[in-house]
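Residue numbers (the working numbering): 4 to 206.
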């Protein structure tokens, strides 16, 4: 997970490793920010437009205003590999590497296909898969995480980080490829097509 964590707790609670900011709140609790990869940034501002990149963020992936028509219009602004488009935060905010794998598997679309190759029907499948996968994940995490928001649960994912295991849908061995410095998992049977470029390492 390439993100920091917020911890809302009493002052005597143990601090997570690499806690960089502690705010004491009026109710006596603390709000802490930790970041084990030291990749996050914190801004103190009264104008979110001044935060670099914030104004360029796309709509949240589950925003009710993000209809299929709006999704399709935004999607067609890009021409690269569909997985890389999905994880662009200026396209739609909130989709990372793991959930991009899950969404594309659910939609039956190869992660290395170029966006312009997708048909109208595939775009619709991608939209529905995005909504379903993320909604299901939120429901599972709300039920299983409880009050311990720092627990990282990924065992319900169908393909991400499951290279070599059988595909839950067809039984084909799940492929695992390192591309653009990230691991990509997909099923070559359920997600046919796509170009494997030079410089992409198969595991």
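Just so you know, even glycine gets a beta-carbon here, dropped at the ideal spot from N, CA and C. From a predicted model like this one, the values you see are computed outputs, not experimental measurements.
query, result
"Alpha carbon of residue 128 to alpha carbon of residue 136, nearest angstrom", "12 Å"
"3-residue-minimum beta strand (DSSP E) runs that sit fully inside the region 19-78, ordered along the chain", "22-27 and 33-37"
"DSSP bridge partner residues for residue 130 (one or two, in chain order)", "Answer by DSSP bridge pairing: none, since residue 130 is not bridged."
"Cα-Cα separation, residue 99 to residue 90", "5 Å"
"DSSP state of residue 106 mapped onto helix, strand, coil", "helix"
"Cβ-based neighbour list, residue 23, same chain, cut-off 7 Å, excluding 5 preceding and 5 following", "36, 37 and 38"
"With 16 other Cβ atoms within 10 Å as the buried cut-off, status of residue 139", "exposed"
"Nearest-angstrom Cα separation, counted from residue 132 out to residue 123", "14 Å"
"For residue 146 and residue 48, the rounded distance between their alpha carbons", "34 Å"
"Beta-carbon contacts of residue 88 that lie in its chain and below 8 Å, excluding the five residues immediately before and after", "78, 81, 94 and 118"
"Backbone secondary structure at residue 144 - three-state DSSP", "helix"
"Beta-carbon proximity list for residue 69, same chain, < 6 Å, skipping 5 on both sides", "62"
"Sequence-distant residues of the same chain with beta carbon closer than 6 Å to residue 31, five excluded per side", "none"
"Proximal residues to residue 108 (C-beta, below 7 Å), its chain only, five neighbours per side dropped", "161, 162, 189, 190, 193 and 194"
"Residue span of the alpha helix (DSSP H) that contains residue 87, given as start and end", "85-89"
"Euclidean distance between Cα positions of residue 9 and residue 55", "20 Å"
"Cβ neighbour criterion (16 or more within 10 Å) applied to residue 83", "exposed"
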